[in-house]
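Numbering (the numbering used here), first residue to last: 105 to 280.
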């Protein structure tokens with residue numbers, strides 16, 4: 105396992121798992137959000153795609169992000185594609201707790217610096233509402249895209265609970 109792509113909805117555990125894999129396996133880690141969202145605004149898609157393509161040219165990497173539009177340069181190049189397909193109720197709970205933590209100033213990440221109460225919960229396109237809408241809308245498409253990726257020979261792991269994710273990570277790290 106030298107090329108690992110992780111995707112799933114916000115607050116599904118992508119960053120936590122990616123960091124642990126990266127650290128334990130000695131693989132470079134990239135969070136695609138950190139590429140897409142710049143100080144100057146959102147990167148145009150062609151530049152975002154090119155940046156992801158450059159990162160995944162390497163022999164080893166861990167890339168995380170919920171960007172199925174990059175499947176051709178991320179998912180299809182991976183040895184392992186991990187889909188964090190957690191239940192909606194768990195995703196919502198995690199988004200709420202993470203947002204509250206960020207709003208309380210307990211998280212100083214770039215994302216936390218941009219978050220407001222309105223943006224987190226109350227806008228029409230709030231983080232919470234968008235996550236719920238995308239969760240319901242994208243899962244059937246993800247299932248098709250993941251099947252296409254598996255048909256290319258990429259090992260696909262679909263994790264449907266926090267327990268499954270913890271067990272898979274422990275097993276992956278034990279088998280290094």
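Glycine included, each C-beta is placed from N, C-alpha and C at the ideal position.
Under the 10 Å beta carbon count, residue 158 is surrounded by fewer than 16 other beta carbons and is classified as exposed. Runs of the alpha helix (DSSP H) spanning 4 or more residues and lying entirely within the region 197 to 245 occur at 214 to 218, in chain order. By the Cβ neighbour-count rule, residue 173 is exposed, with fewer than 16 other Cβ atoms within 10 Å of its own. Taking all protein chains in view, the Cβ of residue 275 is surrounded by fewer than 16 other Cβ atoms within 10 Å, so the residue is classified as exposed. Nearest to residue 167 by alpha-carbon distance, out of 111, 206 and 150, is 111. Judged by DSSP in its simplified three-state form, residue 194 adopts helix. Look at residue 279 here: in three-state DSSP terms it is coil, with no helix or strand label. Taking one beta carbon from each stretch, the region 173 to 184 and the region 257 to 266 have 3 or more pairs nearer than 8 Å; the two touch. For residue 154, there is no enclosing beta strand (DSSP E); the enclosing alpha helix (DSSP H) has its first and last residue at 149 to 159. In this chain, the beta strand (DSSP E) harbouring residue 107 covers 107 to 111.
Within its own chain, the residues whose Cβ lies closer than 8 Å to the Cβ of residue 188, once the five positions on either side in sequence are excluded, are 110, 111, 112, 113, 116, 117, 118, 121, 263 and 269, listed in chain order. Setting aside the 5 residues that flank it on each side, residue 243 has no residue in the same chain whose C-beta is closer than 6 Å to its C-beta. Per DSSP, the beta bridge partners of residue 188 are 263.
In the DSSP assignment, residue 133 falls within the unbroken beta strand (DSSP E) covering 133 to 135. DSSP places residue 177 outside both helix and strand once states are collapsed to three, so it counts as coil.
In this chain, the alpha helix (DSSP H) harbouring residue 128 covers 118 to 129. The three-state secondary structure of residue 146, taken from DSSP, is strand. Pairing residue 239 with residue 192 gives a Cβ-Cβ distance under 8 Å.
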